[in-house]
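*Asks:* The structure under discussion is supplied below as structure tokens; questions concerning it will follow.
Residue numbers (this note's numbering): 170 to 619.
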């Protein structure tokens, strides 16, 4: 699309048969229907040597502003066009209105339409072929099966012309006899025009951004109609990137799953330690030292030391602490993993608690009797665990400790899957919401909005 406009051509002139005002026109070969810019008389003339025939008159001005003045030339998508005509239309059984600008190709003389409704622009050109509609052409569920996409019925109506300006090569009043049916596959549209038993005429349309229209015809962007809602063929967010994004995300998620499965095969889980402890306060001889007595008074229990075990690292170690008899009680267990050669230590703390009761006839439960922890990047060596259990009033509770190496970190895999799915999920929701809003303006959508 060029950002320059072509130099304006000098139009021919003919007098209005009602007010004698000079009516400019550009297509001297084909134009035969005109609207006087002063008195808004609609008249026809095929022979300038004969008196024009008055066909009607439009009262007042267009209720919607003409943002592309008649005679404006521009370059749209690399092609030179000139605005020759304007129409304000509505459906026969609806009040909303839209605008249609007649464009003539400056080199070939071919015509196309530039339509705008609520700020959404559509360029329509003759399709040059017929299409086969599957189902009743104007019925719910009708669609056109094309190679690039399926076009689904979106609207069907009879038009009414409320106002016109400029020159035309056909009597647009005849359009009010047409049944126009629109089929969409955003950002494209197929339009079927049918007049009784005559053969249908087909047009192909494509969505245009307002900036593209403003640049093509050299008009200020803010002079164009404000865009509201979702247009019939307005592309959904990420229309061009969505297929790539969806494929990439699915492939990456599959890679994460395969990686997790490979880790299960290459590095299967290996149990390093399973040991049962008692959190009781008594020392092995049954005596309690003064220091221990002071600690026990604060709720501390005996320090527990596990059997030593070997780690082949670097590795991720997973620990499970469980106290199956925990009942309406809490147990706090600070744990230190100690390398017996270097003295390097790694710490974590887990709180186990379980409470239950009956309130207003309903049984309630709170907490868990087991907890898990993970330490990553542990180097090779001989290790043991030191536990410092704390219970309410130093109660004696059983405690089971399990340590495993190469445990598949499902949490990491799940986190990776969630992160990979986050942006596609947001885009999918935006696209779904966009499409749902689009079909709210149609009587042929997934739900009947008529």
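All residues carry an ideal CB built from backbone N, CA and C; glycine is no exception.
1) So what does DSSP say about residue 615, is it helix, strand or coil?
2) What are the start and end residues of each continuous alpha helix (DSSP H) run of 4 or more residues lying completely inside the stretch 293 to 374, in chain order?
3) Does the contact criterion of 3 or more C-beta pairs under 8 Å hold for the stretch 520 to 535 versus the stretch 495 to 503?
4) According to DSSP, is residue 379 part of a helix, a strand, or is it coil?
5) With a cut-off of 8 Å, do at least 3 Cβ pairs link the stretch 371 to 379 to the stretch 216 to 234?
6) Go to residue 392, then tell me how far its beta strand (DSSP E) extends in each direction, as first and last residue.
7) Looking at the secondary structure, which residues open and close the alpha helix (DSSP H) in which residue 241 lies?
8) Could you compute how far the alpha carbon of residue 489 sits from the alpha carbon of residue 546?
9) Within 10 Å of its beta-carbon, does residue 188 have 16 or more other beta-carbons around it, so buried, or fewer, so exposed?
10) Assuming residue 644 contacts residue 261 under a Cβ cut-off of 8 Å, what Cβ separation, rounded to an integer in Å, is found between them?
11) Indicate the three-state DSSP secondary structure (helix, strand or coil) for residue 582 in the structure shown.
12) Given residue 306, which residues of its chain have a CB within under 7 Å of its CB, disregarding the five upstream and five downstream residues?
13) Below 8 Å on the Cβ atoms is my contact criterion, and I expect residue 269 with residue 250 to pass it. Report the Cβ-Cβ distance as a whole number of Å.
14) May I ask which residues mark the beginning and end of the alpha helix (DSSP H) holding residue 429?
15) Among residues of its own chain, excluding the 5 on either side of residue 582, which ones have a beta-carbon nearer than 8 Å to its beta-carbon?
16) Excluding sequence positions up to five away, which residues of its chain have a Cβ less than 8 Å from the Cβ of residue 550?
17) Please report how far the alpha carbon of residue 459 lies from the alpha carbon of residue 530, in whole angstroms.
18) Does the separation of the CB atoms of residue 438 and residue 569 fall below 9 Å?
19) Buried or exposed, going by whether 16 or more other CB atoms sit within 10 Å of the CB of residue 336?
20) If the criterion is Cβ atoms closer than 9 Å, does the pair residue 515 and residue 544 meet it?
21) By how many angstroms is the C-alpha of residue 243 removed from the C-alpha of residue 273?
22) Who are the Cβ neighbours of residue 589 in its own chain at under 8 Å, not counting the five residues just before and after it?
23) Would you grab the beta carbon distance between residue 393 and residue 402 for me? Rounded to a whole angstrom, and I think it's under 8 Å.
24) Measuring alpha carbon to alpha carbon, tell me which residue in 203, 331, 302 is nearest residue 369.
25) Could you have a look at residue 474 and say whether DSSP puts it in helix, strand or coil?
26) Starting from the Cα of residue 553, find the closest Cα among 599, 506, 254 and give me that residue.
27) Would you grab the beta carbon distance between residue 447 and residue 567 for me? Rounded to a whole angstrom, and I think it's under 8 Å.
28) Taking 9 Å as the cut-off, decide whether the C-beta atoms of residue 331 and residue 259 are in contact.
29) Comparing alpha-carbon positions, which option in 503, 282, 613, 344 lies nearest residue 372?
30) Taking the beta strand (DSSP E) that residue 183 belongs to, which residues open and close that run?
31) Using DSSP bridges, identify the partner residues of residue 222.
*Replies:* Taking the structure as given:
1) coil
2) DSSP runs (the alpha helix (DSSP H)) wholly in the stretch 293 to 374: none.
3) The stretch 520 to 535 is in contact with the stretch 495 to 503.
4) helix
5) no
6) Premise fails: residue 392 is in no beta strand (DSSP E) and is neither H nor E.
7) Note, residue 241: premise wrong, no alpha helix (DSSP H); not H, not E.
8) 18 Å
9) exposed
10) No information on residue 644 is available, as it lies outside the stretch 170 to 619 that the chain covers here.
11) helix
12) 350, 361
13) Not confirmed; about 14 Å, so no contact.
14) Note, residue 429: alpha helix (DSSP H), 411 to 435.
15) 425, 426, 428, 429
16) 479, 480, 482, 508, 509, 510, 511
17) Model confidence at residue 459 stands at a pLDDT of 47, short of 50, so the residue's coordinates are unreliable; what they give is reported in the following sentence. Distance between the alpha carbons of residue 459 and residue 530 is about 47 Å.
18) no
19) buried
20) Their beta carbons are under 9 Å apart, which means residue 515 touches residue 544 by this criterion.
21) Spanning the alpha carbons of residue 273 and residue 243 requires a straight line of approximately 11 Å.
22) 418, 421, 422, 425
23) Not a contact, Cβ separation roughly 18 Å.
24) 302
25) strand
26) 506
27) That belief holds up - the Cβ atoms of residue 447 and residue 567 are roughly 6 Å apart, short of 8 Å.
28) yes
29) 282
30) 181 to 184
31) Looking at the DSSP assignment, residue 222 forms a beta bridge with 213.
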